[in-house]
Amino acid sequence: MAIYMNYDGLKVKGNVTAEGYKDWIRLDSFQFGVGRHITMEAGHMSNREATRPSISEISVSKLMDTASSGLFKESLTGTAGVKVLVDIVRTQADKIEKYVSYEMEDVMVSSYSVSAGAESAPAESISLSFSKVTMSYTAADKKHAGKTPERVGYDLEAGKKI
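Whatever position you read off the sequence shown (first residue = 1), add 1010 for the numbering used here.
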């Protein structure tokens, strides 16, 4: 699988040349999480209560490339309001299929770091803060044909699902 990111409508361009993803940014990793506190009292499990979700920032890592200076600039002086897409895709001999997609709105780069060693290319770690996130998952049937994407999301500003 491959991971590609479109930052602000390709305002920051990457090196991807794959069909449908030209100039997207190639990522090596993507991390995102959600948690919520749920009360669990012995003998009273039917009365469990849950808090609102605690949603992490999205963290990505990548090797330094043509997008690096643009992402570094965004970490220093970027403003809110940016839209970011991250697609995790399956690469096949004759086509690329979207497996899962994350769309974030009102994004700001909240963290940027670089690590380098004598024997490897510099690697970047970037964290993205956002106010809305939507996940679209496309399941495949037994013949590997994509079904209709399932979409679910959350608006942190409103504190409700999208």
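Backbone N, C-alpha and C fix where the C-beta goes; we use that ideal spot for every residue, glycine too. For clarity, every value in this text was computed on a predicted model and none was experimentally measured.
* Could you check the C-alpha separation between residue 1025 and residue 1045 for me, to the nearest Å? => Rounded to whole angstroms, the separation of the alpha carbons of residue 1045 and residue 1025 is 34 Å.
* **Run of the alpha helix (DSSP H) containing residue 1037, from where it starts to where it stops** => Unbroken run through residue 1037 is the beta strand (DSSP E), 1035 to 1037; no alpha helix (DSSP H).
* **Minimum C-alpha distance to residue 1099 - residue among 1020, 1148, 1137 and 1119** => Residue 1148 is the option with its Cα nearest to residue 1099.
* Asked: Relative to the alpha-carbon of residue 1012, which residue among 1018, 1034, 1023 and 1047 has its alpha-carbon at the smallest distance?
  -> Residue 1034 holds the alpha-carbon nearest to the alpha-carbon of residue 1012 among 1018, 1034, 1023 and 1047.
* To do: Starting from the C-beta of residue 1082, find all residues in its chain whose C-beta is less than 7 Å away, skip the five residues before and the five after it, and write them out in chain order.
  => Once the five neighbours on either side are set aside, the close Cβ partners of residue 1082 are 1122.
* Asked: Pairing CB atoms from the segment 1015 to 1023 with CB atoms from the segment 1092 to 1111, are three or more of them under 8 Å?
  -> At 8 Å Cβ cutoff, the stretches touch.
* Asked: Between residue 1124 and residue 1054, what straight-line distance do the alpha-carbon atoms span, to the nearest angstrom?
  -> Distance between the alpha carbons of residue 1124 and residue 1054: 49 Å.
* If you measure from the CB of residue 1133, is any heavy atom of the ligand FAD nearer than 6 Å? -> You won't find the ligand FAD in this model; it holds no ligand whatsoever.
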